[in-house]
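> Residue numbers (my numbering), protein chains in the order written: chain A, 26 to 184; chain B, 26 to 184.
There are 2 protein chains.
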Amino acid sequence: KEAVRGIALDENIAKIGVLKVPDKPGIAAKIFTALANEKINVDMIVQSIHSSGSLADMAFSVERPDLKQAVEVAKKVAKELKAENVVADDDVAKVSLVGIGMVSQPGTAAKMFETLSNEKINIQMIATSEIKISCVVKREAGKKAVQILHKAFGLDKVS
Amino acid sequence: KEAVRGIALDENIAKIGVLKVPDKPGIAAKIFTALANEKINVDMIVQSIHSSGSLADMAFSVERPDLKQAVEVAKKVAKELKAENVVADDDVAKVSLVGIGMVSQPGTAAKMFETLSNEKINIQMIATSEIKISCVVKREAGKKAVQILHKAFGLDKVS
Ligand SMILES: C[C@@H](O)[C@H](N)C(=O)O
Ligand SMILES: C[C@@H](O)[C@H](N)C(=O)O
Numbered sequence: 026k027e028a029v030r031g032i033a034l035d036e037n038i039a040k041i042g043v044l045k046v047p048d049k050p051g052i053a054a055k056i057f058t059a060l061a062n063e064k065i066n067v068d069m070i071v072q073s074i075h076s077s078g079s080l081a082d083m084a085f086s087v088e089r090p091d092l093k094q095a096v097e098v099a100k101k102v103a104k105e106l107k108a109e110n111v112v113a114d115d116d117v118a119k120v121s122l123v124g125i126g127m128v129s130q131p132g133t134a135a136k137m138f139e140t141l142s143n144e145k146i147n148i149q150m151i152a153t154s155e156i157k158i159s160c161v162v163k164r165e166a167g168k169k170a171v172q173i174l175h176k177a178f179g180l181d182k183v184s
Numbered sequence: 026k027e028a029v030r031g032i033a034l035d036e037n038i039a040k041i042g043v044l045k046v047p048d049k050p051g052i053a054a055k056i057f058t059a060l061a062n063e064k065i066n067v068d069m070i071v072q073s074i075h076s077s078g079s080l081a082d083m084a085f086s087v088e089r090p091d092l093k094q095a096v097e098v099a100k101k102v103a104k105e106l107k108a109e110n111v112v113a114d115d116d117v118a119k120v121s122l123v124g125i126g127m128v129s130q131p132g133t134a135a136k137m138f139e140t141l142s143n144e145k146i147n148i149q150m151i152a153t154s155e156i157k158i159s160c161v162v163k164r165e166a167g168k169k170a171v172q173i174l175h176k177a178f179g180l181d182k183v184s
């Protein structure tokens, strides 16, 4: 009945935030063109809704070996944009629910978040699609997260 | 060479933000369990990095007919969480690049953002996966966005 097929863990990630950028056309393009020009692979990109109507916090993940260079690029662009700050952290892992049609299953994301919270695992970033719900958590929590999610979604019953 | 296969447009969406929630375990679970209990389908969920270390802005999208009920649920939970605010807007559309392996193509997201900015289309929310890059834009910009993205990614050459 559940649409979840598996749990994926990516420990080779680092998260970067470019905070309080102007929320107007061209900003996202500037940041990610600069990263692309350095051939830096970007995995997750998230932009949520900001409490200020005119600002945005852009966050993205890169592979851990690229962190230093990605931060340099981000800081350079942030300066030009007069963004408030660039933050970075490689003490993270990305844990993802992989499935199909998860959008039409309202409880799936809730259950993933609930499972993580039961072990006091804090969720730092979230991005979803119909086939994937990804959460960034503290790196040391990654394997535990996979374990408890396998159990919660009945995936540990398959050998 | 490009991994992009198509452009999708969803005009049946509304965005909701629960702003400045405490960034600690259990918060995401509370919000989305409440929505799931009302059988409200949630499509995108995004959580970016917040400039305050201890807060988060949670944003999500629902189908437009569910906006009113989703806002009621969100406000109820927001009150319990002492979140700052719930914001909502149904004057939006979601435009998505659909493809494969887009993660390993650093310039793809940048090109999408650049194309939108060339027409001064502001990007309000972003969520990505290897097979999908989704941007929330103003609803009136949705069809234009699809058009210019088709052109930019050479998809208009196929009949
Ligand atoms: C913040 C950023 O996404 C901006 N709104 C843009 O369109 O580029
Ligand atoms: C903000 C929210 O994601 C919180 N960190 C949680 O784990 O539920």
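Backbone N, C-alpha and C fix where the C-beta goes; we use that ideal spot for every residue, glycine too.
(1) Terminal residues of the continuous beta strand (DSSP E) containing alanine 113 of chain A?
(2) Return the CA-CA distance between alanine 95 of chain B and glycine 167 of chain B, expressed in angstroms with no decimal places.
(3) Would you check whether ligand 1 has a heavy atom nearer than 7 Å to the C-beta of lysine 49 of chain A?
(4) Check whether chain A comes within 8 Å of proline 131 of chain B, counting only Cβ atoms and requiring the distance to be less than that.
(5) Mind pulling the alpha helix (DSSP H) runs of 4 or more residues that sit fully within the stretch 118-158 of chain A?
(6) Suppose only complete runs of 3+ residues qualify. What are the beta strand (DSSP E) ranges in the stretch 32-113 of chain B, listed by chain order?
(7) Report the option in A:Lys157, A:Glu139, A:Ala113, A:Asn147 whose CA atom is closest to the CA atom of alanine 33 of chain A.
(8) Is there at least one non-hydrogen atom of ligand 1 closer than 7 Å to the beta-carbon of valine 98 of chain B?
(9) Report the partner residues of valine 187 of chain A according to the DSSP bridge assignment.
(10) Quick check: is any heavy atom of ligand 2 less than 7 Å from the C-beta of phenylalanine 57 of chain B?
(11) Compare the Cα-Cα distances from isoleucine 146 of chain B to each of B:Asp68, B:Lys104, B:Leu174, B:Val98 and report the closest residue.
(12) With a threshold of 8 Å between beta-carbons, can asparagine 66 of chain B be considered close to chain A, or not?
(13) Within its chain, find whatever has a CB closer than 7 Å to the CB of alanine 177 of chain A; leave out the 5 residues flanking it on each side and keep chain order.
(14) Out of A:Lys104, A:Asn110, A:Val117, A:Ser154, point me to the one whose CA is closest to glycine 126 of chain A's CA.
(15) Roughly how far, in whole angstroms, is the beta-carbon of alanine 59 of chain A from the beta-carbon of valine 98 of chain A, given that I think they are within contact range, below 8 Å?
(16) Please tell me whether leucine 44 of chain A has its Cβ less than 8 Å away from any Cβ of chain B.
(17) Output the distance between the C-alpha atoms of lysine 40 of chain B and aspartate 115 of chain B, rounded to the nearest integer angstrom.
(18) Could you list the residues in the stretch 154-179 of chain A with a C-beta less than 9 Å from some C-beta on chain B, going in chain order?
(19) Is isoleucine 125 of chain B close to chain A? Criterion is C-beta to C-beta, closer than 8 Å.
(20) Of the residues A:Asp35, A:Val171, A:Lys55, A:Val161, which one's Cα is nearest the Cα of lysine 185 of chain A?
(21) For leucine 92 of chain B, which residues in the same chain have their Cβ closer than 8 Å to its Cβ, ignoring the five residues on either side in sequence?
(22) If valine 117 of chain B and lysine 163 of chain B are in contact, beta carbons under 8 Å, what's the gap, nearest whole angstrom?
(23) Between the stretch 91-111 of chain B and chain A, which residues of the former have a C-beta closer than 7 Å to a C-beta of the latter?
(24) Roughly how many angstroms lie between the CA atoms of asparagine 143 of chain A and glutamate 144 of chain B, to the nearest whole one?
Taking the structure as given:
(1) Looking up residue 113 of chain A in the first sequence gives position 88. Judged by DSSP secondary structure, alanine 113 of chain A falls within the beta strand (DSSP E) whose first and last residues are 110-114.
(2) Walking along the second sequence from the start, residue 95 of chain B turns up at place 70. Walking along the second sequence from the start, residue 167 of chain B turns up at place 142. Between alanine 95 of chain B and glycine 167 of chain B, the C-alpha separation is close to 23 Å.
(3) As a working note, residue 49 of chain A is residue 24 in the first sequence. Yes, Cβ of lysine 49 of chain A sits closer than 7 Å to a heavy atom of ligand 1.
(4) To locate residue 131 of chain B, count along the second sequence from 1; it is residue 106. By this cut-off, proline 131 of chain B is an interface position.
(5) Listed in chain order, they are 132-143.
(6) As far as the stretch 32-113 of chain B is concerned, its whole beta strand (DSSP E) runs of at least 3 residues are 38-47, 67-72, 80-88.
(7) Start at 1 with the first residue of the first sequence, and residue 33 of chain A comes out as number 8. Ranking the options by Cα distance to alanine 33 of chain A, first place goes to A:Lys157.
(8) For the purposes of this step, residue 98 of chain B is taken as residue 73 along the second sequence, with counting starting at 1. Incorrect: valine 98 of chain B has no Cβ contact closer than 7 Å to ligand 1.
(9) Here chain A comprises residues numbered 26 to 184, so residue 187 of chain A is not present and cannot be evaluated.
(10) Reading the second sequence from its first residue, position 32 is the one you call residue 57 of chain B. In this structure, ligand 2 has no non-hydrogen atom nearer than 7 Å to the beta-carbon of phenylalanine 57 of chain B.
(11) For the purposes of this step, residue 146 of chain B is taken as the residue at position 121 of the second sequence. The shortest C-alpha separation from isoleucine 146 of chain B is found at B:Leu174.
(12) Looking up residue 66 of chain B in the second sequence gives position 41. It does: the Cβ of asparagine 66 of chain B has a partner Cβ on chain A nearer than 8 Å.
(13) Position 152 of the first sequence, counted from the first residue, corresponds to residue 177 of chain A. A distance below 7 Å between beta-carbons, with the five flanking residues on each side excluded, links alanine 177 of chain A to the following residues of its chain, in chain order: Lys136, Thr140.
(14) Position 101 of the first sequence holds residue 126 of chain A. Checking every option, the nearest Cα to that of glycine 126 of chain A belongs to A:Ser154.
(15) Within the first sequence, residue 59 of chain A is the residue found at index 34, counting from 1. Within the first sequence, residue 98 of chain A is the residue found at index 73, counting from 1. Contact between alanine 59 of chain A and valine 98 of chain A is confirmed by a C-beta separation of about 5 Å, below the 8 Å threshold.
(16) Taking the first sequence and counting its residues from 1, the one referred to as residue 44 of chain A is at position 19. For leucine 44 of chain A, the closest Cβ of chain B is nearer than 8 Å.
(17) Locating residue 40 of chain B in the second sequence gives position 15, where the first residue counts as 1. Locating residue 115 of chain B in the second sequence gives position 90, where the first residue counts as 1. Counting only the Cα atoms, aspartate 115 of chain B lies some 6 Å from lysine 40 of chain B.
(18) For the stretch 154-179 of chain A, the set of positions with a beta-carbon nearer than 9 Å to some beta-carbon of chain B reads Ser154, Glu155, Ile156, Lys157, Ile158, Ser159, Cys160, Val161 in chain order.
(19) Against the second sequence, residue 125 of chain B aligns to sequence position 100. Proximity of isoleucine 125 of chain B to chain A, defined by a Cβ-Cβ separation below 8 Å, is not satisfied.
(20) Because chain A here runs from 26 to 184, residue 185 of chain A falls outside it and cannot be looked at.
(21) Start at 1 with the first residue of the second sequence, and residue 92 of chain B comes out as number 67. In chain order, Ala39, Ile41, Ala113, Asp115 place their CB closer than 8 Å to the CB of leucine 92 of chain B, counting only its own chain and leaving out the 5 sequence neighbours on each side.
(22) Here residue 117 of chain B refers to the residue found at position 92 of the second sequence. Here residue 163 of chain B refers to the residue found at position 138 of the second sequence. With a Cβ gap of about 7 Å, valine 117 of chain B and lysine 163 of chain B count as contacting.
(23) Those would be Glu109, Asn110, in chain order.
(24) Position 118 of the first sequence holds residue 143 of chain A. Position 119 of the second sequence holds residue 144 of chain B. Those two C-alpha atoms are separated by around 46 Å.
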